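Read the structure below first, then the notes.
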Amino acid sequence: MDDLTGFVRAWSMRARWQRGLRWLFLGLACGLGISLALAIAARITPLISLPRLVSISILAAVGGAAIALGAPWVRGSRRSTLSWAREFDHRLDLKERLSTALEARDGALNVSNDTIRRLQSADALDRASGVDPRRALPLRISRRDAAIASVLGLSLVVALGLPNPQQTVLAEREQFHEATRAEAAKIAEVEKAIENSPFLSEAQKQSALDALDQARRSLEDASVTPEQALAALNEAEARLDALQNDANPAAREDLRRAGQTMTPDELTRQMAESLAQGDFQKAAEQMRKLTSKDGQALSETEQQRVANQLDQMAREVQNSDPQLASQLRQAAQDLRQGKAESAQQQLGQAADSLDRSSQAQATETELQSAEQSAAEARQRVAEAAGQTANSPQSQPGASSGSEGSPSDQPGQQGEPGQGQGGAPTEAQGGQPGSSGPGDSITPGHSEDTGTDNSVYAPGSRLNPTGANVALPESQSQTSPDPNSAPRQALPGSSIVPYQQVYREYAKTADQALQTGDVPAALRDYIRDYFSSLDPKR
């Protein structure tokens, strides 16, 4: 490399630094402007969290400055020495000496006389030696761009530093999604347990896994809303509950009751204890041995005693399992007639029924466990979603200024949950006699939902359609006194056990929730209410 080429290359490096510094603050201003626009948007809508916004702002500012500083070097590396020489001839007023000398040296010009070529090169080198690059190519920044970048940077710091209410929304949303991801992981464990269950058939496993898989994928979705997550878990519960409809829980309950109420007898004591404990498989094994004692045939008296026990057991299961009751009666009759082999055959068939009951019980236990897991997941997701829904900004009927009119406030006269004159009833948490004139009315605590919000539904949000119902006129000669004391409930117990009707009522409520017949603001209260009544809790 000759001296002339060395001058050109040295000046080209300085020219790159010059352009990089001139564009540096322009690139920085572009990065800060993009970050400021993003910060403003994040104050309007819950777009991005503050830590991520700070990181993006730093990367945008540094990236913009780096691009502005590095672009001249990338572009300059693609230029030839002759191209740089022509630029410096123009910028340094060298009258094309550099480019002419380089072209003559490289043979681009048809100069046959070597003397002229040397003189041309010497003249260009002499003029290049007299150039001061610090004055000819000064390293300066753009004050205008620096001022713009400073204003944008200060504005960005203010936008990031001032409290942003959208960050609270984002934090609550992230907390909700963390809860859904945690519940999705727990449901995945339930799926593994169902896959490895020895009690469920392949069809039952597939149906249960499909229900749980849909719920799990909904919970894992980062864009899932609380309503969608709760609906998916409700659907999973309903499908798991439907898988249990083929079971006969009443028969198993009657078998347990039979074991508890059977007359104590040494011959049937072990079987009765197994039945009372719900161990039907063990009870089936003991039933197959009732026709013998210690390997010896029963005496006539012992056969009569066993027959009596079988008759008593048959009476207990007659309504829930007539086939089993018939087998037990036939076995009892055979024992009284001394037909040990026939009795043994009937007892074997009855024991097979107990084995099936044991299998059904194990299956139902597996499905109930999965359903309970889905119910608990729904409860925790509802609680996570409720932390956002119960915030002061999102409370239904919350007032931002002065108090509203009486017709706008929940708990006034004519609203559900209120007695005459707007006084809260005892069911809503009010105390008798505490709502006289001048007393303030505060929302009561709900025992079912665990919240302090008054539950009401404005009439405009309810479905007004429906058939009118005409009640028959009373035949009594006297009218009831509305001021009289309430009548006491009649003694006795309910005819239908509470556990037998809960599933049907809860399923009906779930169907109403899924079809949208219930206002959205009341759905969580209804779910919590039925969850609190669940007899499995």
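When you read off a place in the sequence shown, starting at 1, and then add 861, the result is the number in our numbering.
All residues carry an ideal CB built from backbone N, CA and C; glycine is no exception.
All values derive from a computational prediction rather than experimental measurement.
The beta carbons of aspartate 1115 and glutamate 1163 sit no closer together than 8 Å. Of all alpha-carbon atoms in Asp1172, Gln1194 and Leu1196, the one lying nearest the alpha-carbon of alanine 1186 is that of Asp1172.
The C-beta distance from alanine 989 to leucine 959 rounds to 7 Å, short enough to meet the 8 Å contact threshold.
Comparing alpha-carbon positions, the option among Leu1073, Ala902, Trp945 and Ala1192 lying closest to leucine 1151 turns out to be Ala1192. Under the DSSP assignment, leucine 1189 falls in the alpha helix (DSSP H) whose first and last residues are 1183 to 1197. By DSSP's assignment, glutamine 1157 forms a beta bridge with Lys1154.
Cβ-Cβ distances below 7 Å link aspartate 1102 to Glu1232, Arg1364 and Lys1368 in the same chain, with the five nearest sequence neighbours on each side left out; the list follows chain order. Collapsing the DSSP output to three states places aspartate 1172 in a helix.
It is roughly 12 Å from the alpha-carbon of arginine 883 to the alpha-carbon of alanine 932.
A Cβ-Cβ separation of about 11 Å leaves alanine 1040 out of contact with arginine 1239 under the 8 Å criterion. Between glycine 1014 and leucine 893, the C-beta spacing is below 8 Å. At a Cβ-Cβ threshold of 8 Å, tryptophan 945 and glycine 881 do not count as neighbours. It is roughly 10 Å from the alpha-carbon of aspartate 864 to the alpha-carbon of alanine 985.
With fewer than 16 other CB atoms across the displayed protein chains lying within 10 angstroms of its CB, glutamate 1063 is exposed. According to the DSSP assignment, threonine 1029 belongs to the alpha helix (DSSP H) that extends over 1026 to 1056.
When the five nearest sequence neighbours on each side are left out, the beta carbons in the same chain lying within less than 7 Å of the beta carbon of isoleucine 1009 are those of Ala890, in order along the chain. Counting C-beta atoms within 10 angstroms of its own C-beta, isoleucine 1387 has 16 or more neighbours from the protein chains shown and is therefore classed as buried. Within the segment 893 to 933, complete alpha helix (DSSP H) segments of at least 4 residues are not found at all. With distances taken between CA atoms, alanine 1246 lies nearest to His1038 out of His1038, Val923 and Ala1099.
Burial state of arginine 877 is buried, judged by a 10 Å Cβ sphere holding 16 or more other Cβ atoms. For the pair of segments examined, the segment 1212 to 1226 was found to touch the segment 1130 to 1148: the number of CB pairs separated by less than 8 Å reaches three. DSSP places glutamate 957 outside both helix and strand once states are collapsed to three, so it counts as coil.
Residue environment for threonine 961: buried (at least 16 other C-beta atoms within 10 angstroms of its C-beta). Within the same chain, Cβ atoms closer than 8 Å to the Cβ of alanine 922 are found at Leu889, Gly892, Leu893, Ser896 and Gly1014, the five residues on either side in sequence being excluded. Between the alpha carbons of aspartate 1385 and alanine 1090 lies a distance of about 12 Å.
Restricting attention to Ala1168, Ser941, Leu1073 and Ala1007, the CA atom closest to the CA of glutamine 1198 is found in Ala1168. Assignment of aspartate 1082 by DSSP, reduced to helix, strand and coil, places it in the coil class. Taking the CA atoms as reference points, arginine 1100 sits about 12 Å from aspartate 1074.
Nearest neighbour of alanine 1083 by Cα position, chosen from Gln1157, Arg1042, Ala1093 and Ala1204, turns out to be Arg1042. Separation of alanine 1045 and glutamine 1372 (C-alpha to C-alpha, rounded to the nearest whole angstrom) is 23 Å. Note on geometry: alpha-carbon atoms of lysine 1154 and serine 1160 lie some 9 Å from one another.
Annotation for isoleucine 901: Ala1020 place their beta carbon closer than 7 Å to its own, counting only its chain and skipping 5 residues before and after. If you draw a straight line from the Cα of aspartate 1006 to the Cα of phenylalanine 886, it comes to about 5 Å.
In this model, serine 873 and arginine 904 are separated by some 46 Å (Cα to Cα).
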